[in-house]
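First comes the structure, then the notes that go with it.
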Amino acid sequence: MADSDAIVEVRGIRKLYGEVEALRDVSLVFPRGKLTTLLGPSGCGKTTLLKIIAGLLPPSAGEVYVNGRKVTGPGPERAFVFQDFALLPWATVLRNVAFGLELRGLPERERHEAARRYIDEVGLAGFEAAYPHQLSGGMRQRVGLARALAVHADILLMDEPFSAVDEQTRRKFQEDLLSLLSIERKTVIFVTHSIEEAVYLSDQIVLLSRRPGTVSRLVSAGIARDKGPDEIRRDKNYLDAVDDIWHALKRYLV
Amino acid sequence: MLAQLGSRSLFWHILSFGLFFGAWELAGRIPISLAFPPASQTLLALLRMIADGSLLKAYLNTFQPLGIGLVICAIIGISCGIGMGLSRSFEWFTLPIFVMLQAAPMAAIIPLITYIYGIGLTSKVLAVLFLAVPVVVMNAYKGIRNTHPSLLEMCRSFQGTRKQEIVKIILPYARGMIFTGLRLGAAMGFIGIVIAELLITPTGIGDLITYHGSVAEYAEMFAAIASIIVISALAIGGLERLERRLFPHEHAAK
Numbered sequence: 039m040a041d042s043d044a045i046v047e048v049r050g051i052r053k054l055y056g057e058v059e060a061l062r063d064v065s066l067v068f069p070r071g072k073l074t075t076l077l078g079p080s081g082c083g084k085t086t087l088l089k090i091i092a093g094l095l096p097p098s099a100g101e102v103y104v105n106g107r108k109v110t111g112p113g114p115e116r117a118f119v120f121q122d123f124a125l126l127p128w129a130t131v132l133r134n135v136a137f138g139l140e141l142r143g144l145p146e147r148e149r150h151e152a153a154r155r156y157i158d159e160v161g162l163a164g165f166e167a168a169y170p171h172q173l174s175g176g177m178r179q180r181v182g183l184a185r186a187l188a189v190h191a192d193i194l195l196m197d198e199p200f201s202a203v204d205e206q207t208r209r210k211f212q213e214d215l216l217s218l219l220s221i222e223r224k225t226v227i228f229v230t231h232s233i234e235e236a237v238y239l240s241d242q243i244v245l246l247s248r249r250p251g252t253v254s255r256l257v258s259a260g261i262a263r264d265k266g267p268d269e270i271r272r273d274k275n276y277l278d279a280v281d282d283i284w285h286a287l288k289r290y291l292v
Numbered sequence: 002m003l004a005q006l007g008s009r010s011l012f013w014h015i016l017s018f019g020l021f022f023g024a025w026e027l028a029g030r031i032p033i034s035l036a037f038p039p040a041s042q043t044l045l046a047l048l049r050m051i052a053d054g055s056l057l058k059a060y061l062n063t064f065q066p067l068g069i070g071l072v073i074c075a076i077i078g079i080s081c082g083i084g085m086g087l088s089r090s091f092e093w094f095t096l097p098i099f100v101m102l103q104a105a106p107m108a109a110i111i112p113l114i115t116y117i118y119g120i121g122l123t124s125k126v127l128a129v130l131f132l133a134v135p136v137v138v139m140n141a142y143k144g145i146r147n148t149h150p151s152l153l154e155m156c157r158s159f160q161g162t163r164k165q166e167i168v169k170i171i172l173p174y175a176r177g178m179i180f181t182g183l184r185l186g187a188a189m190g191f192i193g194i195v196i197a198e199l200l201i202t203p204t205g206i207g208d209l210i211t212y213h214g215s216v217a218e219y220a221e222m223f224a225a226i227a228s229i230i231v232i233s234a235l236a237i238g239g240l241e242r243l244e245r246r247l248f249p250h251e252h253a254a255k
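Note that the protein sequences, when read in sequence, are chains W and R. If you count the first sequence from 1, position 104 lands on 142 in my numbering, and the numbers rise without skipping. If you count the second sequence from 1, position 31 lands on 32 in my numbering, and the numbers rise without skipping.
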C-alpha cells in the first residue's frame, strides 16, 4: 500500500482500443492536496488515463484506488471538468452549476444556494440567469469549474480545461484557479499539452511518452507558491523546468 | 437595425410576389394555353368559391383524415423514434421498416391500401401515415442518438442514473429535432392527403381539383390548387416560427 498521503493511486493501467494500445503499464501516485498534471505529446493517452481515473472508461488491465479503495465507476469524491465544458445549452448558469446536486436529488432551494456561492467564487456573479451561448469560452469553463466545485468532491479531474480558451483568458484563469485552490484545498489531476501551463500550475508533473503512453518521468517544478504570478513566470526555477521538460518531450516529436 | 432588416426583407417579398403574379397574369392573357387562366381570373374564382362555401366544405372534408392522420403520426412516430434511439434491440427491429417506408414511392402503395381498406376514411388516414410517420420517426431517432456524448459523460461523472440521463439530458436535447420532425411530417401529410384524394376517391380539395378540371373550369381548378399550396405553406411556416419560439437555445447554440 502506498503512503497515507496518496489520495489516488493507479496500478498497472493498460488500455487497448481494439488493436491500438493507448496506455501501457501506468502506475502512479497522486498526493493529497496537490496539483498533478499529466503532460505529454498529443495522442499519448493522457485524457484516456484521466477518464479511467474518473471511472468513465474501464481500463483493459490494472486498478484505480481512491482513498485506498478500489473503484470501478464514477464516485462522489471525484468531479470532472470537461474540455468542451459539457454545459446544458437549454439551462441557465444557475441550473448548470447546480446540476451535479440536482442529479443527487438535493432540493432546489439548497442546491441553488450552493450554486450561487460557487458562481460567486469563480467570478460569475450577475450571470446566474444567462445561458451558455451568451457566455465567452472562458466564462463557460468557469461554469464547468463551479459545477465541479459545487458537489464538494475532494478530487478535481480537469481535462485540458483551458484548451478551448484564448491565451489571455487562459492566463487569467490559471491565476484564478491557483488562488481558488489555495482556499478550497482540493487534489487536482490536470491534463494539458502546454508545458508552461503545467509548470506554472503543478506541484508534480507526470511526463507521458508517445503511444503507447507510459510514465516517462516525474518532475517536481519546485516553484514557491508565495510569489505573485508575474514573478513566477520570471522565476529561474520556472524557466529551467520549462526548458528541461521541453528537452525531454522533444524526442517524442517527429 | 432589426426593424430595418425586417422591412427590407418585406420589400423583397412583395417584389417577388409582384413579379410572380405579373408573369402569371401576362402568361394567362397571351394565352400560352387554353387551360391556363390569368392570375386575376383565378383570384376571382377563388373568391367565388369562398363565397359559395364550396371551398370551406372541401377543406372540412380534407382536414378530417389529415388531422386524424397527423395526431396518430405524432403519437406513433415520436414513441417509435424515441424507442429506437434508446434501445438497440428495438432499433434493430424497426429501423429497416422505416428506412424502407421512407424510400418507397407512395403512389405505388396507394392502390394496395385501397385494395385492402376500401375507399373510405381509413385509407386516407393510412395514406397520410405512410408518408408522414417515417420522417417523424427518423428525426426523433436521430435527435436521441445525436445527444452530445460529453453531456452523457458529464451526467455519468456526477453519478446520474439512466432515468435521469434520459429525462434530464437526452429528451431535452432531442426535443428540438423531434419538433422539426413533426413539422416535416405535417408537410408530408399535406402531400399524402392530396395524393389520396386524387388517387383513391375524389373528396375534399382533391374533388374540387378533379371536378373543375373535368368540366373545363380552369380558373376554379387553379384556385383550388393555389389554395392548398398557400394553406400548407402557411401551416408549415407557422410551425417553423413556433419551433424558433419554443426552442430558442437550440437555434442559438449552433
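Glycine included, each C-beta is placed from N, C-alpha and C at the ideal position.
Keeping to the same chain, check which residues put their C-beta closer than 8 Å to that of R:Ala254; ignore five residues upstream and five downstream. On the second sequence, position 253 is the one that residue 254 of chain R refers to. Confidence at R:Ala254 is low in this model, with a pLDDT of 48, below 50, so its placement is unreliable and the value that follows should be read with caution. Closer than 8 Å at Cβ, skipping near neighbours: no residue.
Answer with buried or exposed for W:Lys53, where buried requires no fewer than 16 other C-beta atoms within 10 angstroms of its C-beta. Position 15 of the first sequence, counted from the start, is the residue given in the question as residue 53 of chain W. W:Lys53 should be labelled buried.
Shorter than 9 Å from the beta carbon of R:Arg157 to some beta carbon of chain W? Against the second sequence, residue 157 of chain R aligns to sequence position 156. Interface residue, yes.
Would you please verify whether the beta carbon of R:Ile83 is less than 9 Å from any beta carbon of chain W? Position 82 of the second sequence, counted from the first residue, corresponds to residue 83 of chain R. False, the Cβ-Cβ gap to chain W never drops below 9 Å.
In terms of residues, what are the limits of the alpha helix (DSSP H) holding R:Ser151? The residue you call residue 151 of chain R lines up with position 150 of the second sequence. Here the alpha helix (DSSP H) through R:Ser151 covers Pro150 to Ser158.
Considering Cα atoms alone, identify which of R:Pro38, R:Arg49, R:Gly70 and R:Arg9 is closest to R:Gly186. As a working note, residue 186 of chain R is residue 185 in the second sequence. Answer by Cα proximity: R:Gly70.
What's the C-alpha gap between W:Leu76 and W:Gln121? Here residue 76 of chain W corresponds to residue number 38 of the first sequence, with the count starting at 1. Here residue 121 of chain W corresponds to residue number 83 of the first sequence, with the count starting at 1. W:Leu76 and W:Gln121 have their C-alpha atoms roughly 14 Å apart.
So, under 8 Å CB-CB, W:Leu216 and W:Ala184 are touching, yes? Tell me the CB distance rounded to an integer number of Å. Here residue 216 of chain W refers to the residue found at position 178 when the first sequence is read from its first residue. Here residue 184 of chain W refers to the residue found at position 146 when the first sequence is read from its first residue. The pair is not a contact, with the Cβ atoms about 16 Å apart (cut-off 8 Å).
DSSP puts W:Ala44 in a beta bridge; with which residues? Translated into the one-based positions of the first sequence, residue 44 of chain W becomes position 6. For W:Ala44, which the question treats as bridged, DSSP gives the partners W:Pro69.
Would you say R:Leu152 reaches chain W, if we count a Cβ-Cβ gap shorter than 9 Å as a contact? As a working note, residue 152 of chain R is residue 151 in the second sequence. Yes, contact with chain W.
Under the rule that 16 or more other beta-carbon atoms within 10 Å means buried, what is R:Phe21, buried or exposed? Numbered from 1 along the second sequence, position 20 holds the residue referred to as residue 21 of chain R. Result: exposed.
Using the three-state DSSP reduction, which class does R:Lys255 fall into: helix, strand or coil? Position 254 of the second sequence, counted from the start, is the residue given in the question as residue 255 of chain R. For R:Lys255, the predicted structure reports a pLDDT of 42, less than 50, and the residue's modelled location is therefore unreliable. The matter cannot be settled from this model.
Spatial neighbours of R:Met178 within its chain, please: CB distance less than 6 Å, with the 5 preceding and 5 following residues excluded, ordered by chain position. For the purposes of this step, residue 178 of chain R is identified with residue 177 of the second sequence, where counting begins at 1. Only residues of its own chain outside the window of five on either side were considered, and among them Asn140 and Gly144 have a CB closer than 6 Å to the CB of R:Met178, listed in chain order.
Is it right to say R:Ser10 is buried, meaning 16 or more other beta carbons lie within 10 angstroms of its own, or is it exposed? The residue you call residue 10 of chain R lines up with position 9 of the second sequence. Its Cβ having fewer than 16 others within 10 Å, R:Ser10 is exposed.
For chain R, find out if any of its Cβ atoms is closer than 9 Å to the Cβ of W:Glu148; answer yes or no. Numbered from 1 along the first sequence, position 110 holds the residue referred to as residue 148 of chain W. So no, W:Glu148 is outside the interface.
Please determine, among R:Thr63, R:Leu240, R:Arg49 and R:Leu48, the residue with the shortest C-alpha to C-alpha distance to R:Thr181. By one-based count along the second sequence, residue 181 of chain R stands at place 180. For R:Thr181, the nearest C-alpha among the options comes from R:Leu240.
Residues of its chain near W:Trp284, where Cβ-Cβ distance is below 8 Å and the 5 sequence neighbours each way are ignored: In the first sequence, residue 284 of chain W corresponds to position 246, counting from 1. Counting only Cβ-Cβ distances below 8 Å, and skipping sequence neighbours, we find Ile233.
In terms of residue numbering, what span does the beta strand (DSSP E) encompassing W:Gly100 cover? To locate residue 100 of chain W, count along the first sequence from 1; it is residue 62. First-last of the beta strand (DSSP E) with W:Gly100: Ala99 to Val104.
Got a sec: is the Cβ-Cβ distance from R:Thr181 to anything in chain W below 9 Å? For the purposes of this step, residue 181 of chain R is taken as residue 180 along the second sequence, with counting starting at 1. With 9 Å as the cut-off, R:Thr181 does not count as an interface residue toward chain W.
Segment contact flag, the region 113-133 of chain W with the region 152-168 of chain W, C-beta cutoff 8 Å, min 3 pairs: yes
Listing by chain order, which chain R residues have their CB less than 8 Å from the CB of W:Pro69? Numbered from 1 along the first sequence, position 31 holds the residue referred to as residue 69 of chain W. Correct list: empty, because the minimum Cβ distance to chain R is about 23 Å.
Taking R:His250 and W:Tyr169 to be in contact with their CB atoms under 8 Å, please state how far apart those CB atoms are, rounded to whole angstroms. Your numbering for residue 250 of chain R matches position 249 in the second sequence. Your numbering for residue 169 of chain W matches position 131 in the first sequence. The Cβ separation is near 6 Å, so the contact holds.
Is there at least one Cβ from chain W nearer than 9 Å to R:Lys125's Cβ? Residue numbering aside, residue 125 of chain R sits at position 124 when the second sequence is read from its first letter. With 9 Å as the cut-off, R:Lys125 does not count as an interface residue toward chain W.
Please go through the same chain and pick out, in chain order, the residues whose beta-carbon is closer than 7 Å to the beta-carbon of R:Ile79, but skip the five residues on each side of it. Within the second sequence, numbered from 1, the residue matching residue 79 of chain R stands at position 78. So the list reads Val137, Ala141 and Ile179, once near-sequence residues are dropped.
Return helix, strand or coil for W:Glu146, following the three-state DSSP convention. Taking the first sequence and counting its residues from 1, one reaches residue 146 of chain W at position 108. Here W:Glu146 sits in helix by DSSP.
Residues of chain W with CB under 7 Å from R:Gly161, in chain order? Position 160 of the second sequence holds residue 161 of chain R. Leu141, listed in chain order.
Using only the alpha-carbon positions, how far apart do W:Ile51 and W:Val58 sit? Here residue 51 of chain W corresponds to residue number 13 of the first sequence, with the count starting at 1. Here residue 58 of chain W corresponds to residue number 20 of the first sequence, with the count starting at 1. Using only the alpha carbons, I get a separation of about 15 Å.
Do you know how far the Cα of W:Trp128 is from the Cα of W:Arg70? One-based indexing of the first sequence puts residue 70 of chain W at position 32. One-based indexing of the first sequence puts residue 128 of chain W at position 90. Approximately 36 Å, taken between the alpha carbons.
Rounded C-beta distance between R:Val126 and R:Pro203? I'm assuming under 8 Å. Position 125 of the second sequence, counting from 1, holds the residue named residue 126 of chain R. Position 202 of the second sequence, counting from 1, holds the residue named residue 203 of chain R. Between R:Pro203 and R:Val126 the Cβ distance is about 17 Å, and since that is not below 8 Å, they are no contact.
If you measure beta-carbon to beta-carbon, which residues of the region 173-203 of chain W are closer than 7 Å to chain R? Val189
Determine, using beta carbons only, whether W:Gly138 and W:Ala167 come nearer to each other than 9 Å. Counted from its first residue, the first sequence places residue 138 of chain W at position 100. Counted from its first residue, the first sequence places residue 167 of chain W at position 129. No. Outside cutoff.
Minimum C-alpha distance to R:Ala1 - residue among R:Gly121, R:Ile117, R:Leu122 and R:Leu132: Past the edges of chain R, shown from 2 to 255, lies residue 1 of chain R, and the structure says nothing about it.
How many whole angstroms separate the CB atoms of R:Trp25 and R:Ala40, which I take to be in contact at a CB cut-off of 8 Å? The residue labelled residue 25 of chain R in the question sits at position 24 within the second sequence. The residue labelled residue 40 of chain R in the question sits at position 39 within the second sequence. Contact between R:Trp25 and R:Ala40 holds: CB atoms are separated by about 4 Å, below the 8 Å threshold.
With contact counted as at least three CB pairs below 8 Å, one residue from each stretch, are the region 216-231 of chain R and the region 163-177 of chain R in contact? Note that the region 216-231 of chain R does not touch the region 163-177 of chain R; fewer than 3 beta-carbon pairs, one per stretch, sit closer than 8 Å.
Does the Cβ of R:Tyr116 have 16 or more other Cβ atoms within 10 Å, making it buried, or fewer, making it exposed? Taking the second sequence and counting its residues from 1, one reaches residue 116 of chain R at position 115. Under this definition R:Tyr116 is an exposed residue.
DSSP state of W:Lys224, grouped into three classes? Here residue 224 of chain W corresponds to residue number 186 of the first sequence, with the count starting at 1. Collapsing the DSSP output to three states places W:Lys224 in coil.
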